[in-house]
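If you read the sequence shown in the numbering used here, its first letter stands for residue 12, the second for the next number, and so on. Glycine included, C-beta positions come from ideal geometry on N, C-alpha and C. These figures come from a predicted structure and were not determined experimentally. Each remark here refers to the structure printed beneath this line.
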Amino acid sequence: MKPKRLREHWGSRFGFILAATGSAIGLGNIWKFPYITGEHGGAAFVVVYLLCIIVIGLPVMMAELAVGRTAQRNPVGAYRVLRPGTPWFLVGVMGVLAGFVILSYYSVVAGWILAYVFKSISGAVTGFTAAAGGAEAAKAHFQGFAAHPGWSVGWHFLFLAVCAFIVYRGVKGGIEAASKILMPILLAILLVLVVWSLTLPGAAAGVKFYLVPKITTVSVGPLSFPFFKGLTGSAVLIALGHAFFSLSLGMGAMLTYGSYLKKDADLSFSTMTIALMDTVIALLAGLALLPAVFAMGLAPDGGPGLLFHTLPAVFSSMPGGVVFAVLFFVLVAIAAVTSGISILEVVTAFFMGELGWRRSRVVPVVAGIIFLIGIPSALSFGAWEGLRLFGLSFFDLMDYLSANFFLPLGGLLIALFVGWGWGPKAIAAAAEGSYHGFPTGKIWLWMCRTITPIAVAVIIIAKLAGIG
Ligand code: TRP
Numbered sequence: 012m013k014p015k016r017l018r019e020h021w022g023s024r025f026g027f028i029l030a031a032t033g034s035a036i037g038l039g040n041i042w043k044f045p046y047i048t049g050e051h052g053g054a055a056f057v058v059v060y061l062l063c064i065i066v067i068g069l070p071v072m073m074a075e076l077a078v079g080r081t082a083q084r085n086p087v088g089a090y091r092v093l094r095p096g097t098p099w100f101l102v103g104v105m106g107v108l109a110g111f112v113i114l115s116y117y118s119v120v121a122g123w124i125l126a127y128v129f130k131s132i133s134g135a136v137t138g139f140t141a142a143a144g145g146a147e148a149a150k151a152h153f154q155g156f157a158a159h160p161g162w163s164v165g166w167h168f169l170f171l172a173v174c175a176f177i178v179y180r181g182v183k184g185g186i187e188a189a190s191k192i193l194m195p196i197l198l199a200i201l202l203v204l205v206v207w208s209l210t211l212p213g214a215a216a217g218v219k220f221y222l223v224p225k226i227t228t229v230s231v232g233p234l235s236f237p238f239f240k241g242l243t244g245s246a247v248l249i250a251l252g253h254a255f256f257s258l259s260l261g262m263g264a265m266l267t268y269g270s271y272l273k274k275d276a277d278l279s280f281s282t283m284t285i286a287l288m289d290t291v292i293a294l295l296a297g298l299a300l301l302p303a304v305f306a307m308g309l310a311p312d313g314g315p316g317l318l319f320h321t322l323p324a325v326f327s328s329m330p331g332g333v334v335f336a337v338l339f340f341v342l343v344a345i346a347a348v349t350s351g352i353s354i355l356e357v358v359t360a361f362f363m364g365e366l367g368w369r370r371s372r373v374v375p376v377v378a379g380i381i382f383l384i385g386i387p388s389a390l391s392f393g394a395w396e397g398l399r400l401f402g403l404s405f406f407d408l409m410d411y412l413s414a415n416f417f418l419p420l421g422g423l424l425i426a427l428f429v430g431w432g433w434g435p436k437a438i439a440a441a442a443e444g445s446y447h448g449f450p451t452g453k454i455w456l457w458m459c460r461t462i463t464p465i466a467v468a469v470i471i472i473a474k475l476a477g478i479g
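Laid out in structure tokens, this is it:
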């Protein structure tokens, strides 16, 4: 299919890198990463996560960007022009469907964050001192809020409306412009919070937990050797899955952003910068939170509730906690918006490219559909709590299916496409590019053919076998 209009492009490489970094940095970095690190043994988990980023994250990101840049199409159209008449386009279809699903529940959590920005400004979430019930009281407050159908659906709507507003304005005037304003603010706030958190009395215990791996001795037969303490097989699987989610891989988001690059844009430098920034921000988020949690004498393994149960209690008991809380929730809100728009853009690009609709018509329609799909998730914490599918609430089912199944499968297929499916032209497209004489393109291509798909297949099979 021939595009009727000229394809939109990024205004600059810097703008593209900020937008893609904005997609990668999201709730995954600031909400999920610190608590899964807390639950899975701290520093040892961080080491494994970094390995996953290198072995799986970098090659898959390069693969997505290369496919998008070469095809100059949305995820479905891209496979159609690169390998016409083959079923590869179904990988794109799966990505677009995953986009609807992921944004529908991501928007629910992001909506709570928006609400907490306002709640923190009014002081409503910083009154949970130990005397006032601490984390338990904060939890009860959160549960009451999330269970209220009007609030949870309303904030879900508002978050989508913000994303739709930005995406409506286009790639350069909307996504890139918003990222250029929001990403520097995000970084500045984060640095302030890290410094503040590290200077709290008692912060050192948190830093140690986070950055110094605990070593234990493992004996196998007559041999004994040192090994990371608390690092289990399931932690490895979780680190792998999280690498996908955090780098926005496996559903065509990077493919779509790559499709707005000029055909001669470099991929090596961009891929490394985006992955590096994403990782650094995840580590900094942990450094902003875990020392504060330790300094206030709370446990770091608060699970998904870390953000809404433990942290309000931490903010309530620290000096200047109200300001810390406001800055923190604004930071998370920015991260969520720049990620939400990247998911919305995947679906938008698909409707524009494959149905030929105008952007101004697509955005309200797809945002409306995602709003409706998200309603059961928004109600999962209250009115529809009893509704169980395969033993999970609607929200948990959406999260489980996408993070553990759709994204890894999508990433596996994208790696296989570049490694084996695309044909000789791909080899040229993907292998071009080097970094200071280092043949990064060739190395990544080789990884897409071998270790990357094997590693991902192992995760999926282990998940299906119930090991994870
Ligand atoms: N990477 C984002 C985060 O860490 C979430 C995200 C944005 C995403 N776009 C995506 C996840 C595409 C998977 C696929 O929160």
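Closest by C-alpha distance to residue i, when choosing among the options
{"i": "P86", "options": "P95, L101, V128, M72", "result": "L101"}
{"i": "A473", "options": "T137, L301, P419, Y90", "result": "P419"}
{"i": "T349", "options": "I380, P233, S118, A276", "result": "S118"}
{"i": "G263", "options": "A303, M283, L355", "result": "L355"}
{"i": "G134", "options": "W42, I285, A324, A215", "result": "A324"}
{"i": "G421", "options": "L125, L17, I471", "result": "I471"}
{"i": "L294", "options": "T48, G26, S34", "result": "T48"}
{"i": "F340", "options": "F255, I177, R369, L204", "result": "L204"}
{"i": "A109", "options": "S353, R91, K453", "result": "S353"}
{"i": "T243", "options": "S235, L403, T227, V337", "result": "T227"}
{"i": "I425", "options": "D277, P387, T359, G261", "result": "G261"}
{"i": "A299", "options": "S279, A336, H320, K453", "result": "A336"}
{"i": "A175", "options": "V469, T359, D407", "result": "T359"}
{"i": "A35", "options": "V304, L287, A199, I454", "result": "L287"}
{"i": "G88", "options": "L366, L301, L69, G434", "result": "L366"}
{"i": "A55", "options": "A74, V223, V107", "result": "V223"}
{"i": "G96", "options": "W433, L209, V304, K453", "result": "W433"}
{"i": "S163", "options": "G26, L61, A126", "result": "A126"}
Distance between residue j and residue i (C-alpha atoms, nearest Å)
{"i": "I345", "j": "K240", "result": "35 Å"}
{"i": "G155", "j": "S391", "result": "13 Å"}
{"i": "I132", "j": "A82", "result": "46 Å"}
{"i": "W207", "j": "A306", "result": "12 Å"}
{"i": "G37", "j": "V343", "result": "7 Å"}
{"i": "L171", "j": "G351", "result": "8 Å"}
{"i": "A466", "j": "S281", "result": "24 Å"}
{"i": "F416", "j": "G331", "result": "42 Å"}
{"i": "A142", "j": "G217", "result": "23 Å"}
{"i": "A250", "j": "T461", "result": "20 Å"}
{"i": "L211", "j": "A146", "result": "19 Å"}
{"i": "V71", "j": "V173", "result": "29 Å"}
{"i": "A414", "j": "G252", "result": "7 Å"}
{"i": "F111", "j": "M409", "result": "10 Å"}
{"i": "W123", "j": "V229", "result": "43 Å"}
{"i": "R372", "j": "M363", "result": "9 Å"}
{"i": "G479", "j": "G184", "result": "Reliability of the predicted coordinates at G479 is poor, the pLDDT of 45 falling under 50, and no value is obtained from them."}
{"i": "A157", "j": "A389", "result": "8 Å"}
{"i": "T137", "j": "M329", "result": "10 Å"}
{"i": "L234", "j": "K225", "result": "20 Å"}
{"i": "Y46", "j": "G297", "result": "8 Å"}
{"i": "A148", "j": "V377", "result": "38 Å"}
{"i": "F428", "j": "T284", "result": "24 Å"}
{"i": "T267", "j": "V469", "result": "27 Å"}
{"i": "V66", "j": "K43", "result": "21 Å"}
{"i": "V231", "j": "H51", "result": "23 Å"}
Cβ neighbour criterion (16 or more within 10 Å) applied to residue i
{"i": "I186", "result": "buried"}
{"i": "G39", "result": "buried"}
{"i": "V78", "result": "buried"}
{"i": "S23", "result": "exposed"}
{"i": "W431", "result": "exposed"}
{"i": "A31", "result": "buried"}
{"i": "A476", "result": "exposed"}
{"i": "D289", "result": "buried"}
{"i": "I196", "result": "exposed"}
{"i": "G103", "result": "buried"}
{"i": "Y411", "result": "exposed"}
{"i": "P387", "result": "buried"}
{"i": "P464", "result": "buried"}
{"i": "R369", "result": "exposed"}
{"i": "L76", "result": "buried"}
Rounded Cβ spacing between residue i and residue j (contact assumed at less than 8 Å)
{"i": "F382", "j": "H167", "result": "7 Å"}
{"i": "V247", "j": "V59", "result": "6 Å"}
{"i": "V374", "j": "Y221", "result": "Between Y221 and V374 the Cβ distance is about 40 Å, and since that is not below 8 Å, they are no contact."}
{"i": "I292", "j": "L201", "result": "7 Å"}
{"i": "G316", "j": "K150", "result": "6 Å"}
{"i": "A254", "j": "C459", "result": "Not confirmed; about 15 Å, so no contact."}
{"i": "F153", "j": "H320", "result": "6 Å"}
{"i": "L258", "j": "R80", "result": "Wrong, their Cβ atoms sit about 17 Å apart, outside the cutoff."}
- request: Scan the stretch 356–406 and note each continuous alpha helix (DSSP H) run of 4 residues or more that stays entirely inside, going in chain order.
  value: 370–389
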